[in-house]
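Working notes, beginning with the structure itself.
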Amino acid sequence: MKKGRRWIVAALCLSLLSGGCAAGNDADNVNVQNTKEDEKKETAPEKLYQARLDVIEPAAYGNADGLPLEKGAYISIIGKSEDGQYWKEVQRGAKQAEEDLNAQLGYTGKDKVKVTYIAPARENSVDEQVNILDEELARYPVALAISIVDEQACGVQFDLASDSGIPVVAFDSGSDYQGLMATVSTDNTESASVAADRLAEQMSASGEVVIFAHDSKSKTAKEREGTFENQIRRNYSGITIADIYYMDDLKPWQEAIAAEMDAGTYQRGGEEPGLLGGEEVTDPESITEEEVIDYVLSKHPDLKGCYGTSGDAVKAIVHGLDRIEKEDVMVVGFDADDEQIEMLRDGKVDGLVVQNPFGMGYAAVIAASRAALSLGNEAYIDTGYVWVTKENLEDKDVQKMLSSDK
């Protein structure tokens with residue numbers, strides 16, 4: 003019996019020893035696997051859009067950490083336009099924030115936080131945006147972010163949102179409405195001042211400048227126009243602001259051009275002055291936007307510089323200068339879609355304030371999420387910009403801001 007017991011004890015010891023070795027091997031395997039996973043994380047390439055999130059200040063608005071939204075929460079993002087490269091980038095940023103929120107919260111399927119982007123079919127349509135705002139408020143989102151077309155137009159809707167417990171955040175273009183939880187945008191004062199200084203340098207601080215403002219209603223357009231004008235007037239006495247053209251206000255220009263045509267002091271391209279005779283009168287509405295732009299650019303013989311407050315404004319300037327075959331005019335402005343970059347490469351544009359629409363869309367969702375959770379927000383979130391010229395276009399840091407491809 004003793005001999006049998008000794009064999010049993012020996013067998014048990016051998017079994018325990020083997021098990022211990024196996025457990026040790028498993029632990030070693032786990033440690034090796036964890037090390038490999040850590041190495042993968044360390045060596046994984048940074049997502050290309052990350053550079054656009056890294057420039058956002060405060061940095062908390064460049065990530066989706068610590069935002070425990072309820073399952074199925076709905077956030078509405080209202081832009082100024084459905085189309086255009088700029089607004090597509092805003093939408094991409096908003097959807098990336100949606101993806102990051104759901105990843106952080108572990109939500110899938112019907113539990114996912116939902117972020118939608120909706121905007122007028124026609125850019126800067128005040129009435130259409132107000133209608134969209136009414137419709138979105140009726141959906142009772144947990145929060146709403148909006149790029150305001152007309153800073154005077156949405157007060158009633160914002161009051162309704164407040165009464166309904168729906169916090170509102172502005173992005174890209176805000177207003178002075180006191181109930182806004184935050185404004186997410188470019189520093190328009192600083193960037194417009196930089197544009198003024200750079201244009202003045204290009205012009206050797208002398209000559210006439212025409213400002214093309216993308217509209218007369220948005221806070222963004224007013225800030226960029228007013229800051230640029232003040233910077234020039236205060237610091238460059240040799241430069242004259244010859245004209246300001248508001249791209250949403252054609253009528254006064256059409257009437258002025260029609261009057262000059264009837265008086266024989268101005269003609270459309272290819273026509274001779276004084277062609278009209280007798281009682282024939284020019285219909286102002288027959289004068290196109292392109293003809294207005296050509297008139298604005300051609301009426302100033304000492305025109306040396308132009309400034310556009312948006313991508314559309316910059317492109318309108320360049321196309322107009324091409325049509326009237328006017329050379330040696332320096333052009334600066336905002337934004338950088340593919341067409342503007344080609345203009346920069348071709349020497350038709352001298353400098354651009356490149357904004358961060360991807361980061362703007364992302365930060366708008368984060369600010370809206372914080373407002374929905376009553377976490378508090380900074381009054382102003384700066385999404386950054388970079389000054390781009392033909393000379394620095396290929397710089398690594400510039401290229402990161404120009405491309406948000408994953």
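Heads up: the sequence shown is residues 3 to 408, going by our numbering.
All residues carry an ideal CB built from backbone N, CA and C; glycine is no exception.
Values in this document were obtained by computation on a predicted structure and should not be read as measured data.
Query raised in the report: Using CA coordinates, which residue listed in G361, D399, Y109 and V390 is at the minimum distance from I383?
Result: Closest in alpha carbon position to I383, among G361, D399, Y109 and V390, is G361.
Query raised in the report: According to DSSP, which residues form a beta bridge with K116?
Result: Answer is Y76, bridged to K116.
**Report entry** Three or more C-beta pairs below 8 Å linking the segment 120-138 and the segment 76-84
**Finding:** Contact holds: three or more Cβ-Cβ distances are below 8 Å.
Query raised in the report: Any idea what DSSP makes of I343, helix, strand or coil?
Result: Correct three-state label for I343: helix.
Query raised in the report: Helix, strand or coil: which one does DSSP assign to M332?
Result: Here M332 sits in strand by DSSP.
Requested in this report: Note down the Cα distance separating W89 from M205, rounded to an integer number of angstroms.
Outcome: Their Cα atoms are separated by approximately 32 Å.
Report task. Please state if the CB of V170 and the CB of G181 are separated by a distance shorter than 9 Å. Result -> Less than 9 Å separates the beta-carbon of G181 from that of V170.
Query raised in the report: If you follow the alpha helix (DSSP H) that V367 is part of, which residue opens it and which one closes it?
Result: If you look at V367, you'll find it in the alpha helix (DSSP H) that goes P359 to A374.
Query raised in the report: Taking C-alpha atoms, which residue in E192, I150, A258 and R200 lies nearest to D178?
Result: It is I150.
Query - Spatially closest choice to V334 from I319, D324 and Q98, by CA coordinates - result: Comparing alpha carbon positions, the residue from I319, D324 and Q98 closest to V334 is I319.
Query raised in the report: Per DSSP, what kind of secondary structure is C23 in: helix, strand or coil?
Result: Unreliable placement is indicated for C23, whose pLDDT of 42 sits below 50; the coordinate value is still reported in the next sentence. Three-state result, C23: helix.
**Report entry** Which listed residue (R236, A198, H216 and N232) has its alpha carbon closest to that of K82
**Finding:** Ranking the options by Cα distance to K82, first place goes to H216.
Requested in this report: Could you tell me the distance, in whole angstroms, from the CA atom of L201 to the CA atom of L50?
Outcome: Straight-line spacing of the CA atoms in L201 and L50 works out to 31 Å.
Query raised in the report: Roughly how many angstroms separate the alpha carbons of G307 and D199, rounded to a whole number?
Result: A direct Cα-Cα distance of roughly 12 Å separates G307 from D199.
Query raised in the report: Just reading off the alpha helix (DSSP H) that L252 is part of, what are its end residues?
Result: Careful: L252 lies outside any alpha helix (DSSP H) and carries neither H nor E.
Requested in this report: Closer than 6 Å by C-beta to A194: which residues in its own chain qualify, once you throw out the five before and the five after it? Chain order, please.
Outcome: Take A194, set aside five residues on each side of it, and the residues of its chain with a beta-carbon closer than 6 Å to its own are R226, T229 and F230, in chain order.
Query - Residue nearest to V144 in terms of C-alpha spacing, selected from E130, G167 and V132 - result: The shortest C-alpha to C-alpha distance from V144 to any of E130, G167 and V132 is the one to G167.
Requested in this report: Kindly confirm or deny that the segment 387-405 and the segment 348-360 touch, where touching means at least three C-beta pairs closer than 8 Å.
Outcome: In short, these stretches touch, since the Cβ pair count reaches three.
Query raised in the report: Hey, K114 and N104 are a contact pair by Cβ (cut 8 Å); roughly how many whole angstroms apart?
Result: Contact flag correct, Cβ pair sits at about 5 Å.
Query raised in the report: Do the CB positions of E84 and I120 come within less than 9 Å of each other?
Result: At the C-beta level, E84 and I120 come within 9 Å of one another.
Report task. Determine, using beta-carbon pairs with one atom in the segment 62-71 and one in the segment 359-376, whether at least three such pairs fall under 8 Å. Result -> Yes: at least three Cβ pairs fall under 8 Å.
Report task. Report the residue from L146, A172, S175 and E153 whose alpha carbon sits nearest the alpha carbon of A163. Result -> Looking only at L146, A172, S175 and E153, the smallest Cα-Cα distance to A163 is reached by L146.
Query raised in the report: Do you know whose CA, among L395, S288, Y247 and K221, lies nearest G322's CA?
Result: Of the candidates L395, S288, Y247 and K221, the one whose C-alpha sits nearest the C-alpha of G322 is Y247.
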